[in-house]
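Chemist:
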Amino acid sequence: MWELAWPLIVAELGWMLQGILDLVMAGPLGTAAIGACTLGNMIFYPVAVSGTGVLMGMDTLVSQAFGASDPRDCRKSLLAGMWLSFLLTPLVVIILWALIPLIRAAGTNPHVLAQFAPYLRALTWSILPLLLYSAFRRYLQAVNVVKPITISLVGANLVNIVGNWALMYGHLGAPAMGLEGSGWSTVVARLFMAGFLLATILWHEYRSGWLLLRISWRPEWGRMRLLVFLGLPAAGQIAVEGGIFSLVTVMAGKMDEVSLAAHSIVINVVSTTFMVPLGISSAAAVRVGQAFGRKDLDGVARSGWTAILFGAVFMASAGLALWFIPRPIVAVYSSDAAVLAAGAGLLRIAAFFQLFDGLQVVTTGALRGLGDTRTPMLAHFAGYWAVGLPVGYFLCFPRGWGVSGIWTGLCIALILIGASLVLVWRRRLRSLVL
Numbered sequence: 515m516w517e518l519a520w521p522l523i524v525a526e527l528g529w530m531l532q533g534i535l536d537l538v539m540a541g542p543l544g545t546a547a548i549g550a551c552t553l554g555n556m557i558f559y560p561v562a563v564s565g566t567g568v569l570m571g572m573d574t575l576v577s578q579a580f581g582a583s584d585p586r587d588c589r590k591s592l593l594a595g596m597w598l599s600f601l602l603t604p605l606v607v608i609i610l611w612a613l614i615p616l617i618r619a620a621g622t623n624p625h626v627l628a629q630f631a632p633y634l635r636a637l638t639w640s641i642l643p644l645l646l647y648s649a650f651r652r653y654l655q656a657v658n659v660v661k662p663i664t665i666s667l668v669g670a671n672l673v674n675i676v677g678n679w680a681l682m683y684g685h686l687g688a689p690a691m692g693l694e695g696s697g698w699s700t701v702v703a704r705l706f707m708a709g710f711l712l713a714t715i716l717w718h719e720y721r722s723g724w725l726l727l728r729i730s731w732r733p734e735w736g737r738m739r740l741l742v743f744l745g746l747p748a749a750g751q752i753a754v755e756g757g758i759f760s761l762v763t764v765m766a767g768k769m770d771e772v773s774l775a776a777h778s779i780v781i782n783v784v785s786t787t788f789m790v791p792l793g794i795s796s797a798a799a800v801r802v803g804q805a806f807g808r809k810d811l812d813g814v815a816r817s818g819w820t821a822i823l824f825g826a827v828f829m830a831s832a833g834l835a836l837w838f839i840p841r842p843i844v845a846v847y848s849s850d851a852a853v854l855a856a857g858a859g860l861l862r863i864a865a866f867f868q869l870f871d872g873l874q875v876v877t878t879g880a881l882r883g884l885g886d887t888r889t890p891m892l893a894h895f896a897g898y899w900a901v902g903l904p905v906g907y908f909l910c911f912p913r914g915w916g917v918s919g920i921w922t923g924l925c926i927a928l929i930l931i932g933a934s935l936v937l938v939w940r941r942r943l944r945s946l947v948l
């Protein structure tokens, strides 16, 4: 399990680093550029990542076919994922372009808007390579080829750094395009990601006798419908999670600057710790799916529980760190005394849900390996929107807890989601017949 999980963990951290690098390198352009970059990413990533979520059904189909020793079926799912990427691209681009006038109508600062629109338009050109990268990645990790995924993310970040330096500030003979240049640099980086994984697939095809060329490349609509059936709930879950954190950030923005700063810091910290169980979750989906394809019930249970244990141990350790040393962690981001105090308090609330956050994301991956993507979506919707948001709002505003109330609501939601999904996993194992 760990051999498969650690490259995926590094890949998730590398994915997160892309947005951080853009923001850091936009700093010298001024506060308007920072605001435009932040706003652009807040709009782009939930929409784009929801699009990639539709391809998560490949985790189920490819891993189960690999476990059943059916390489032709693995490749058929790869082709279906590629065709689906081409079909999804116009839809995602249209949604992103349609949001630009809505942001303008919302009364966004004109200085921010002037840089936001060109930046987001440039980013939309990265949608197709991003979706193809996701399809290639899902295929490769399901057949146990994971190190190239890590290399592609590391390489893409290096490409992005050089591209930002050249296109934002006019080096290497390139025009100084400002923040828009960062968007085009991201396009180049994502072309590198997709190209590198495509080259990896072609290399493995060369070594295995080009089986990919001996099957039909025509769209297999039944398989694509199955991918959408499995992937749409996963995309919905991503939208539910992304939506709740965007909304609570808006709620935090209605309070004072210290509360918003503390909230933003804690979001960044817990997002970073989350990358580890997220990588383990992908490994769980693969290992459980492969065991299911082999009709190995013991292997299904062993793979799932091992992944859940790994995620739980790491996140419990992270929770202890957040509880016992919150101020040094916040101090990495800010030296302001008020922000330190507020951030430390929020980190101690976050410490309570770290274990359950790990449980929910890893168990979601294990269930996806069995082909169940609907239950996690429903659990996340109920936990966040039916419980967490109302409780957080009530504690924040009517009860006067401020931003601590928001995080208490999130804490309750994640405890409920994590515990319920582990119970669902346990019940699914008892009823599983192979």
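Heads up, the sequence shown is in the numbering used here, so the first residue is 515 and it goes up one at a time. The beta-carbon is built from N, C-alpha and C at its ideal position, and this holds for glycine as well. What you are looking at is a predicted structure, and each value in this text was computed from that prediction instead of being measured.
Go through the segment 681-730 residue by residue and report every complete run of the alpha helix (DSSP H) that reaches 4 residues or more, in order.
Modeler: 693-722
Chemist: Looking at the unbroken alpha helix (DSSP H) that takes in N555, where does it start and where does it end?
Modeler: T545 to G567
Chemist: Classify S640 as helix, strand or coil using the three-state DSSP reduction.
Modeler: coil
Chemist: Hey, would you say L965 sits closer than 7 Å to T638, going by beta carbons?
Modeler: Missing from the structure shown is residue 965; the chain here goes from 515 to 948 and no further.
Chemist: If you follow the alpha helix (DSSP H) that E755 is part of, which residue opens it and which one closes it?
Modeler: W735 to G767
Chemist: Pairing CB atoms from the segment 659-673 with CB atoms from the segment 710-728, are three or more of them under 8 Å?
Modeler: The segment 659-673 vs the segment 710-728: in contact.
Chemist: Using DSSP with H/G/I as helix, E/B as strand and the rest coil, what is I929?
Modeler: Helix, per DSSP.
Chemist: Measuring only from the beta carbon, is A852 closer than 6 Å to any heavy atom that is part of the ligand NAD?
Modeler: Here there are no bound small molecules, and the ligand NAD is not part of this structure.
Chemist: Using CA coordinates, which residue listed in V938, L861 and L884 is at the minimum distance from C925?
Modeler: L861
Chemist: Buried or exposed: where does L642 fall if 16 or more other Cβ atoms within 10 Å of its Cβ makes it buried?
Modeler: That one is buried.
Chemist: Return the first residue and the last residue of the alpha helix (DSSP H) that A893 is part of.
Modeler: If you look at A893, you'll find it in the alpha helix (DSSP H) that goes R888 to F895.
Chemist: Please work out which residues of its chain come closer than 7 Å, Cβ to Cβ, to R651, disregarding the five sequence neighbours upstream and downstream, and give them in chain order.
Modeler: So the qualifying residues of the chain are I663 and L711.
Chemist: To the nearest angstrom, how far is the alpha carbon of A821 from that of A797?
Modeler: Distance between the alpha carbons of A821 and A797: 8 Å.
Chemist: Please state the DSSP three-state secondary structure of R775.
Modeler: The question names Arg, but residue 775 in the sequence shown is Ala. Reduced to three states, the DSSP call for A775 is helix.
Chemist: If distances are taken between C-alpha atoms only, which option among T545, T574, I843 and G549 comes closest to I779?
Modeler: I843
Chemist: Three-state secondary structure (DSSP) at A582?
Modeler: Of the three classes helix, strand and coil, the one that applies to A582 here is coil, per DSSP.
Chemist: Are E517 and L792 closer than 7 Å when you measure CB to CB?
Modeler: Taking a C-beta distance under 7 Å as the contact criterion, E517 and L792 do not qualify as a contact pair.
Chemist: Output the distance between the C-alpha atoms of A688 and I794, rounded to the nearest integer angstrom.
Modeler: 40 Å
Chemist: Secondary structure at V659, three-state DSSP: helix, strand or coil?
Modeler: DSSP places V659 in coil when its eight states are reduced to three.
Chemist: Mark K809 as exposed unless 16 or more other C-beta atoms lie within 10 angstroms of its C-beta, in which case mark it buried.
Modeler: exposed
Chemist: Evaluate contact between the segment 878-891 and the segment 843-852, counting only Cβ atoms and requiring at least three cross-stretch pairs below 8 Å.
Modeler: As far as the Cβ criterion goes, the segment 878-891 does not touch the segment 843-852, which means the pair count is below three.
Chemist: Taking the alpha-carbon of T545 as reference, which of H625, M556 and V938 has the nearest alpha-carbon?
Modeler: H625
Chemist: Quick one: give me the first and last residue of the alpha helix (DSSP H) that M951 is part of.
Modeler: Because residue 951 is not part of the residues shown, which for the chain are 515 to 948, the question remains open.
Chemist: Pop quiz: I729 and R589 are said to be a contact at Cβ under 8 Å. What is the actual Cβ separation, rounded to whole angstroms?
Modeler: 6 Å
Chemist: Can you name, in chain order, every residue of its own chain whose Cβ lies under 6 Å from the Cβ of G549, other than the five neighbours on each side?
Modeler: V626
Chemist: Quick one, are the C-beta atoms of G906 and I929 less than 7 Å apart?
Modeler: no
Chemist: Go ahead and pull the three-state DSSP assignment for V508.
Modeler: The structure shown does not extend to residue 508, since the chain spans only 515 to 948, so no value can be given for it.
Chemist: Pick from R739, E719, G750 and A656: whose alpha carbon is nearest that of P560?
Modeler: The shortest Cα separation from P560 among R739, E719, G750 and A656 belongs to G750.
Chemist: Measure the CB-CB distance between M707 and A594 and report whether it falls below 7 Å.
Modeler: no
Chemist: Answer yes or no: do A970 and G541 have a C-beta to C-beta separation smaller than 7 Å?
Modeler: Shown here, the chain extends from 515 to 948; a query on residue 970 therefore has no answer.
Chemist: Using the three-state DSSP reduction, which class does L869 fall into: helix, strand or coil?
Modeler: helix
Chemist: When DSSP labels each residue in this structure, what does G885 get in the three-state scheme?
Modeler: Three-state DSSP puts G885 in coil, outside helix and strand.
Chemist: Does the segment 751-759 come within contact of the segment 889-898, defined as at least 3 CB pairs closer than 8 Å?
Modeler: yes
Chemist: Anyone know if the C-beta pair for V901 and A927 falls short of 7 Å?
Modeler: yes
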